[in-house]
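Heads up: the sequence shown runs through residues 1 to 289, numbered per the working numbering.
Just so you know, even glycine gets a beta-carbon here, dropped at the ideal spot from N, CA and C.
Since the structure is predicted, the reported quantities are computational estimates derived from the model, not experimental observations.
Shown next, in structure tokens, is the structure this report addresses.
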Amino acid sequence: PLIQTWPTASASAETLLIRHDGESVLYLNELRHRAGTALTLRLPDNNPTLPAALALQANKPGSAQGRDYRGIEALAAYRPVAGTEWHIIAKVDRDEVLRNMWQNLFWIGLIAFAAVAAIMLALLLLWRQQHRTQRLALLAQKLESLAEQNKADQLLRHFYDLPFIGMAITSPQSRRWLHFNDRLCQILGYSAEQLSAKSWAEMTHPADVAQFECVMRGEAEGYTLDKRFIRQDGATVYASIDVKCVRNAEGQVDYFVATVDDITERQRNEAKLRRISQLFATLSQCNQA
1 PLIQTWPTAS
11 ASAETLLIRH
21 DGESVLYLNE
31 LRHRAGTALT
41 LRLPDNNPTL
51 PAALALQANK
61 PGSAQGRDYR
71 GIEALAAYRP
81 VAGTEWHIIA
91 KVDRDEVLRN
101 MWQNLFWIGL
111 IAFAAVAAIM
121 LALLLLWRQQ
131 HRTQRLALLA
141 QKLESLAEQN
151 KADQLLRHFY
161 DLPFIGMAIT
171 SPQSRRWLHF
181 NDRLCQILGY
191 SAEQLSAKSW
201 AEMTHPADVA
211 QFECVMRGEA
221 EGYTLDKRFI
231 RQDGATVYAS
241 IDVKCVRNAE
251 GQVDYFVATV
261 DDITERQRNE
271 AKLRRISQLF
281 ATLSQCNQA
């Protein structure tokens, strides 16, 4: 029974016990794939493709590829049994070995592809974030320069020359939108008339009011945060806002300059990246199992 067992699940693997019998290979144990063979099955010992014959000819530990007693291609490892004329052979069908190998290669390739895709997506998100930061820095420099020069017409001209991002000028006293561009209307889903009728305080989360008060007290010159807006149609839009204040000679806030960048697509890409990472972890666990 011990000879007939195999340590792992296999459809073809088996262990053979053989010895010389004249010019034949005599199989001493019951074979897995042929009944009634113990001490009865004999095959020529000069067969160059029979692993059992090769084991007897070598009379030392080794391995071979050939055709077993069924005529099926198999991979075998063998060694003599010390103190006896017996040899023990462990063999498995070649097709089973190759099938498992191709399955492993498939999973390895799939996991590698998922890993590369996740890395590429992460690099893309990083590049877009850096590009966005550079654009916002350039915009802030332009707005600060225009505020120092106190040229309202030039401020508005540059304001509307940058349609890739939502922008607005608000009053700290009335908290109304003094000026804004079309991109902000698109992001928030309101027409220009509807947005003009609203104060920015109506669209600000209560938790963000504290940062506004810090700016009004002179403790900060602005703030940056990611937040969610509810559009007029009820849809949620993710945005990154950057608020700067422009002060007069007495240090009081004359108005706020705000930029609003729609990052909804970035949030979706990050969600895709998380799903790919979860897929990678699941595939890795399946491969290990």
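Residue i and residue j closer than 8 Å at C-beta
{"i": "ALA74", "j": "ASP68", "result": "yes"}
{"i": "ALA53", "j": "VAL25", "result": "yes"}
{"i": "GLN187", "j": "ASP242", "result": "One point to set straight first is that residue 187 is Ile, not Gln, in the sequence displayed. Taking 8 Å as the Cβ cut-off, ILE187 and ASP242 do not qualify as a contacting pair."}
{"i": "HIS291", "j": "LEU56", "result": "The requested residue 291 is not part of the displayed model; the chain covers only 1 to 289."}
{"i": "ALA122", "j": "LEU273", "result": "yes"}
{"i": "THR15", "j": "ALA118", "result": "no"}
{"i": "ARG266", "j": "LEU125", "result": "yes"}
{"i": "ARG350", "j": "TYR238", "result": "The requested residue 350 is not part of the displayed model; the chain covers only 1 to 289."}
Presumed contact (8 Å Cβ cut-off) between residue i and residue j, rounded CB distance
{"i": "LEU279", "j": "TRP107", "result": "Not a contact, Cβ separation roughly 12 Å."}
{"i": "ILE72", "j": "ARG79", "result": "Contact doesn't hold; Cβ gap of about 22 Å is too wide."}
{"i": "GLN65", "j": "ARG94", "result": "7 Å"}
{"i": "LYS244", "j": "VAL257", "result": "5 Å"}
Straight-line gap, residue i to residue j (C-alpha atoms, nearest Å)
{"i": "HIS179", "j": "ARG275", "result": "41 Å"}
{"i": "TYR223", "j": "TRP200", "result": "15 Å"}
{"i": "VAL97", "j": "GLY83", "result": "32 Å"}
{"i": "ALA271", "j": "LEU105", "result": "28 Å"}
{"i": "ARG70", "j": "TRP102", "result": "24 Å"}
{"i": "ASN59", "j": "ALA9", "result": "29 Å"}
{"i": "LEU136", "j": "GLU202", "result": "25 Å"}
{"i": "LEU43", "j": "SER12", "result": "20 Å"}
{"i": "SER63", "j": "ARG128", "result": "57 Å"}
{"i": "LEU39", "j": "LEU28", "result": "5 Å"}
{"i": "GLY373", "j": "THR170", "result": "One cannot answer for residue 373 here, as it falls past the ends of the chain, which runs 1 to 289."}
{"i": "SER240", "j": "GLY166", "result": "10 Å"}
{"i": "GLU295", "j": "TRP86", "result": "No information on residue 295 is available, as it lies outside the stretch 1 to 289 that the chain covers here."}
{"i": "ALA168", "j": "VAL116", "result": "40 Å"}
{"i": "LYS198", "j": "MET120", "result": "42 Å"}
{"i": "PHE164", "j": "ASN181", "result": "10 Å"}
{"i": "GLU219", "j": "ALA140", "result": "19 Å"}
{"i": "ARG217", "j": "LEU143", "result": "22 Å"}
{"i": "VAL253", "j": "PHE113", "result": "54 Å"}
{"i": "GLN194", "j": "LEU110", "result": "51 Å"}
{"i": "CYS214", "j": "ALA281", "result": "45 Å"}
{"i": "THR133", "j": "SER196", "result": "28 Å"}
{"i": "LEU41", "j": "PRO61", "result": "23 Å"}
{"i": "VAL81", "j": "GLN285", "result": "40 Å"}
Buried/exposed call for residue i, threshold 16 Cβ in 10 Å
{"i": "ARG183", "result": "buried"}
{"i": "GLY36", "result": "exposed"}
{"i": "ASP45", "result": "buried"}
{"i": "SER145", "result": "exposed"}
{"i": "LEU138", "result": "exposed"}
Test: residue i CB closer than 8 Å to a CB of chain C
{"i": "ASN46", "result": "Structure shown: chain C not included; a single protein chain is present."}
Checklist entry - Does the stretch 243-253 come within contact of the stretch 174-189, defined as at least 3 CB pairs closer than 8 Å? => result no
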